[in-house]
Amino acid sequence: MNVPPDALPQREIFARKNTTQPFTVNENNQNQQVQQQQQQQQNHRQPDENDNISDVEVEVNDESIPININKKTRKDKDKKKIRRYLEPNRILKWLEEHSRSSKNAISRRDNQAYVLASTSIYDEWVRNNYELQVWQAYLKMGTEHKHWAKEVVRRTKRRDDVINTRFVEKKINRLTTAIAEASQTTANLVAKQLSVERGRQTTTAGTVGTDTDDELDTETAGAVPTTTTTTFKNYVRELVERIEIYILEYIHFCTQHVKKMAQSRIQIAKAQMEEFKALEDFEQIATPAQWNTHFLLKPKVKLWLTKNKNYQILSKRVELDMPPKIIDKVDFSFKIDESIISQDETQAMYNQMRQITKDFRTQAMTLYVQSAARENEILSNEIKGIIERFPQENDDGFDAEPGYAAFKQYHELREKRMKLEIEQSLYFLFEQRVERFLAPAIINEANMRLTEEEHQLLKFGPKFIFNDSKTAARRRITGLATLKRKIEKCFLRKKVSPGRPLQQFIVELDVLLQTLHNISITSKNLNKSLIIGSQMNQNDIIELINSQASQSQVLNGVKVKKKKNYGRLVKRLKHKFRLANVMLQKSDKSKVFHLGKIEDYRKKSNEYMEKTQAYKCLGKEDPLPDLIKRTNKYLLDLRLAKWITQKHYELLSKKPNEVELAHLYYLPKAHKPGTRLRPIISGL
Numbered sequence: 001m002n003v004p005p006d007a008l009p010q011r012e013i014f015a016r017k018n019t020t021q022p023f024t025v026n027e028n029n030q031n032q033q034v035q036q037q038q039q040q041q042q043n044h045r046q047p048d049e050n051d052n053i054s055d056v057e058v059e060v061n062d063e064s065i066p067i068n069i070n071k072k073t074r075k076d077k078d079k080k081k082i083r084r085y086l087e088p089n090r091i092l093k094w095l096e097e098h099s100r101s102s103k104n105a106i107s108r109r110d111n112q113a114y115v116l117a118s119t120s121i122y123d124e125w126v127r128n129n130y131e132l133q134v135w136q137a138y139l140k141m142g143t144e145h146k147h148w149a150k151e152v153v154r155r156t157k158r159r160d161d162v163i164n165t166r167f168v169e170k171k172i173n174r175l176t177t178a179i180a181e182a183s184q185t186t187a188n189l190v191a192k193q194l195s196v197e198r199g200r201q202t203t204t205a206g207t208v209g210t211d212t213d214d215e216l217d218t219e220t221a222g223a224v225p226t227t228t229t230t231t232f233k234n235y236v237r238e239l240v241e242r243i244e245i246y247i248l249e250y251i252h253f254c255t256q257h258v259k260k261m262a263q264s265r266i267q268i269a270k271a272q273m274e275e276f277k278a279l280e281d282f283e284q285i286a287t288p289a290q291w292n293t294h295f296l297l298k299p300k301v302k303l304w305l306t307k308n309k310n311y312q313i314l315s316k317r318v319e320l321d322m323p324p325k326i327i328d329k330v331d332f333s334f335k336i337d338e339s340i341i342s343q344d345e346t347q348a349m350y351n352q353m354r355q356i357t358k359d360f361r362t363q364a365m366t367l368y369v370q371s372a373a374r375e376n377e378i379l380s381n382e383i384k385g386i387i388e389r390f391p392q393e394n395d396d397g398f399d400a401e402p403g404y405a406a407f408k409q410y411h412e413l414r415e416k417r418m419k420l421e422i423e424q425s426l427y428f429l430f431e432q433r434v435e436r437f438l439a440p441a442i443i444n445e446a447n448m449r450l451t452e453e454e455h456q457l458l459k460f461g462p463k464f465i466f467n468d469s470k471t472a473a474r475r476r477i478t479g480l481a482t483l484k485r486k487i488e489k490c491f492l493r494k495k496v497s498p499g500r501p502l503q504q505f506i507v508e509l510d511v512l513l514q515t516l517h518n519i520s521i522t523s524k525n526l527n528k529s530l531i532i533g534s535q536m537n538q539n540d541i542i543e544l545i546n547s548q549a550s551q552s553q554v555l556n557g558v559k560v561k562k563k564k565n566y567g568r569l570v571k572r573l574k575h576k577f578r579l580a581n582v583m584l585q586k587s588d589k590s591k592v593f594h595l596g597k598i599e600d601y602r603k604k605s606n607e608y609m610e611k612t613q614a615y616k617c618l619g620k621e622d623p624l625p626d627l628i629k630r631t632n633k634y635l636l637d638l639r640l641a642k643w644i645t646q647k648h649y650e651l652l653s654k655k656p657n658e659v660e661l662a663h664l665y666y667l668p669k670a671h672k673p674g675t676r677l678r679p680i681i682s683g684l
C-alpha cells in the first residue's frame with residue numbers, strides 16, 4: 001500500500017490484535033515503536049515481587065535515548081578493556097620479586113617471552129572459569145528449585161523455563177568453548193617452551209661447568225647418557241611447570257575481586273530466591289492493611305539501598321585513600337612570574353597553593369561523607385518507624401499475627417540480600433586498588449621529600465610525555481627535515497624523485513602539527529610558492545581540526561578539565577634535585593625512576609675503577625677529536641685503496657655531533673639488595 005508522507009505511526013498493540021489498519025507506518029518508526037511497546041509491556045507484565053528484589057542503584061527516567069548516543073555506547077562496548085596488571089613491566093616486576101628463590105625462572109629472554117605470551121591467556125582462562133561456575137549455579141537453581149536468578153531474567157526479559165534454560169545453556173557452552181581454546185593455546189605454548197628448553201639444555205650439556213646459572217648437579221656429568229637425558233627432561237618440565245605456577249599465582253592475586261564477585265553473585269541469587277518465596281508466603285496470609293503497609297515501605301527500602309550504597313562506597317574510599325574524581329580533580333594553582341619574585345618566595349607561594357588544595361579536598365570529602373551519612377540515617381529512621389507501626393492486631397475478622405510473622409521473616413531476608421548487594425558494590429574499589437598497587441612507583445633511596453604532585457609525576461615513569469607547545473615547536477623543524485630526508489632516501493633507492501608531492505606533504509604535516517599544538521602559523525617558516533599550490537588541502541585540514549575542536553568544546557562545555565603545568569613542575573623538580581645533590585635515573589628491570597645520591601655514585605665509581613683498573617678520569621683532556629680524525633683518515637685510506645665503496649665510507653665516517661667517548665655509567669639495580677649500582681660497558 002502507498003503510505004502517506006504525513007502518516008502518524010500506529011500503536012503496535014492494535015496490529016497484534018489483528019485490528020484492521022488504515023495504512024502502513026514507516027518501518028523505522030515502527031521498529032522504534034515496537035521496541036518501546038515491548039519494554040513497557042514487559043515492565044507491566046512483571047509482578048510486584050520482581051520489582052521488590054530489583055537492584056536499582058539510581059533513579060532512571062524512561063526517556064528515549066538519541067540514536068547517536070546508542071551508537072557511541074555500542075562502540076565503547078566493542079572496545080576491549082586493557083587491564084593494567086597485564087602490562088609487561090608489571091608482570092615481570094612481580095615475578096622477579098616473588099621468584100627470587102628460583103634464579104632461573106624468568107632470568108632468560110625466552111622464559112620472559114613465554115610469560116608475556118601466556119599471562120593474558122591464563123587471565124581469560126581464570127575469569128571464564130569463575131564465570132562458568134556462576135552460570136552453572138544459575139542453571140541448577142532454575143532447573144531444580146524452579147527459580148531463575150534476577151540476572152537471567154534481566155537478560156532474557158522472561159521467566160519462561162524453556163527460554164531461560166536455552167539462554168543459560170548457550171552461555172555455558174560459549175564459556176566452555178573459550179576455556180577449551182585457552183587450554184589448547186596454553187598447551188601449545190608449553191610444548192613450544194619445552195622444546196626450547198630441551199634444545200638449550202642439550203647445548204648446555206656439551207659445555208661442562210661453564211654456565212653458572214644452571215641448577216644442574218655437576219656430579220651427573222659422568223653418568224649414563226640415558227640417565228642424563230631423563231634428568232634433562234625432568235628438569236625442563238619442572239622449570240616450565242614452576243613458571244606456570246608463578247603465572248597462576250600472579251593471576252589469582254590480581255583477580256581476587258573477580259572471585260569475590262562471582263561468589264557474591266551466587267549468594268545474591270540464592271538470597272533472592274529465599275526472599276521471593278518468603279514474599280509469596282506473606283502475600284498469601286497478609287491482611288489488607290499489612291499489604292498496603294508493605295507497598296508503602298517498598299519505595300523507601302529501594303531508596304535506602306541506593307543511599308546506603310553511596311555511603312558505604314564513600315566510607316571505603318576514605319579508608320583506602322581513593323577520593324572520587326569530583327574531589328580529586330580540584331587543583332588550585334596559578335602561575336607566578338619568577339622574573340619578578342625571588343625563587344624562595346615563589347616556592348613558598350606554591351607550597352601554600354598545594355596546602356590550600358589539600359585542605360579543600362579533606363574538608364570536601366568530610367562534608368561529602370557527612371551528607372551521605374545523614375541521608376542514610378533519616379531514611380533508616382523512617383523505615384524503622386514504619387516497621388514498628390506495622391499492623392499486628394486483628395482487623396475486620398483477619399488474623400494479623402501470621403502475616404506479621406511472615407513479613408518479619410521476609411524483611412530479614414530482604415535485608416540479607418541488600419547487605420550482599422552493598423558488599424558487591426564495593427568490589428570495583430578493590431580492582432582499582434590492585435591497579436594502584438601494581439602501578440609503577442618510584443625508588444627513593446635518597447629519602448628526598450616530594451610533594452603529592454611531584455610524586456604523581458614521577459610515578460608516570462620514563463615513558464610519560466606531556467604536551468609542551470614550545471618544545472614541540474623547537475623540535476618540529478628538525479623532525480620534519482629528518483623525515484623528509486628519510487623519505488627521499490627511500491625513493492632514491494628505487495631511482496625515483498619524489499619532487500613536489502613530498503614538499504606538499506611536509507608542508508601539510510607542518511600545518512597539522514602546529515594546529516594540534518595550538519601554535520599560530522607564521523609565514524616565515526613556510527614557502528609561499530608551495531602554500532599557493534596546497535592552499536586547498538591546508539584549509540581542509542585546518543577546517544577539520546577546528547570543527548573537531550569546536551564539537552569537543554560543545555560536548556565538554558560543562559566539564560572543562562584544568563590543564564596541569566607539567567613544565568613548571570619539571571623545572572621545580574630539577575631545582576630540588578640540584579639543591580639536594582640527587583641524581584635521577586631509570587632502574588634496570590622495573591623501568592621506573594630511581595632517586596640516588598651523587599655521593600653514592602661517586603663512591604661506587606672510585607671503588608670500581610680501583611678494582612678493575614679499566615677506567616681513569618680524563619679531567620680536562622678530550623681525546624675525542626683526535627679519535628674522530630684518525631678514524632675518518634683510516635676510512636678514507638680504505639676508500640682510496642678501493643677496499644670499501646663510497647657508500648660504505650659515508651655510512652662509517654664519524655661526525656663530531658654524533659659520537660661520544662666510551663665512558664663508565666651505571667644502571668640502578670634496586671631490586672637486588674646491597675647492589676644499588678652496576679657498571680655498563682660502553683663502546684665507541
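No gaps in the numbering here: position 313 of the sequence shown is 313 in the UniProt record's numbering, and each next residue is one more. All C-beta atoms, glycine included, are put in the ideal place defined by N, C-alpha and C. In this text the structure is predicted, and so the values were computed from the model without any measurement.
Please name the residue, chosen from the options, that lies closest to residue i on a Cα-to-Cα basis.
i, options, result
"T143", "L457, D160 and N129", "D160"
"E607", "P402, T346, I487 and L664", "L664"
"T186", "K307, A373, A580 and E124", "E124"
"V115", "L86, W135, Q613 and K140", "L86"
"A348", "M322, T451 and E377", "T451"
"Q503", "A191, Q267, A481 and E377", "A481"
"T255", "Y615, F430 and L579", "F430"
"H252", "R174, Y350, T165 and V126", "V126"
"E393", "A286, R474 and L483", "A286"
"N376", "L305, L92, L320 and R108", "L305"
"V240", "Q112, A149, K408 and Q263", "Q112"
"A271", "L569, K604 and L413", "L413"
"K309", "I340, Q424, K300 and V196", "Q424"
"R449", "L624, F577, Q136 and T177", "F577"
"E131", "T176, E197, S118 and R158", "T176"
"A662", "E650, L624 and R630", "L624"
Using a Cβ-Cβ cutoff of less than 8 Å, which residues in the same chain neighbour residue i once the five nearest sequence positions on both sides are dropped?
i, result
"F332", "M353, I356, T357 and F360"
"V369", "Y311, L314, S315 and V318"
"K571", "none"
"Y410", "E275, A278, L279, D281 and F282"
"S120", "L86"
"K616", "M609"
"I598", "N581, V582 and M583"
Kindly identify the DSSP beta-bridge partner or partners of residue i.
i, result
"K597", "V582"
"I443", "H594"
With a threshold of 6 Å on Cβ separation, who are the neighbours of residue i within its own chain once the five nearest residues in sequence on each side are excluded?
i, result
"residue 693", "Given that the chain is displayed from residue 1 to residue 684, the structure contains no residue 693 and the question cannot be resolved."
"W94", "Y250"
"H517", "S469 and A472"
"N50", "The pLDDT assigned to N50 is 39, lower than 50, so where the model puts this residue is not dependable; a value taken from the coordinates is nonetheless given after this. Around N50: no qualifying Cβ."
May I ask which residues mark the beginning and end of the alpha helix (DSSP H) holding residue i?
i, result
"L132", "R109 to E144"
"M353", "Q343 to E388"
"K325", "K325 to D328"
"I336", "No alpha helix (DSSP H) contains I336, which DSSP labels as neither H nor E."
"R317", "P288 to L320"
"Q646", "Q646 to L652"
"residue 686", "The chain is shown from 1 up to 684; residue 686 falls before or after that span and cannot be answered."
"residue 685", "There is no way to answer for residue 685, as the model of the chain reaches only from 1 to 684."
"F276", "Q256 to I285"
Taking all protein chains shown into account, do 16 or more other C-beta atoms lie within 10 angstroms of the C-beta of residue i, making it buried, or fewer, making it exposed?
i, result
"T362", "exposed"
"V152", "buried"
"K642", "exposed"
"I268", "buried"
"I378", "exposed"
"G499", "exposed"
"V511", "buried"
"R90", "buried"
"L265", "The sequence as given places Arg at residue 265; Leu does not occur at that position. So R265 ends up on the buried side."
Looking only at its chain, what residues have a beta carbon closer than 7 Å to the beta carbon of residue i, apart from the 5 residues adjacent to it on each side?
i, result
"P323", "R317, R361 and M365"
"I628", "K654, P656 and V659"
"G567", "D468"
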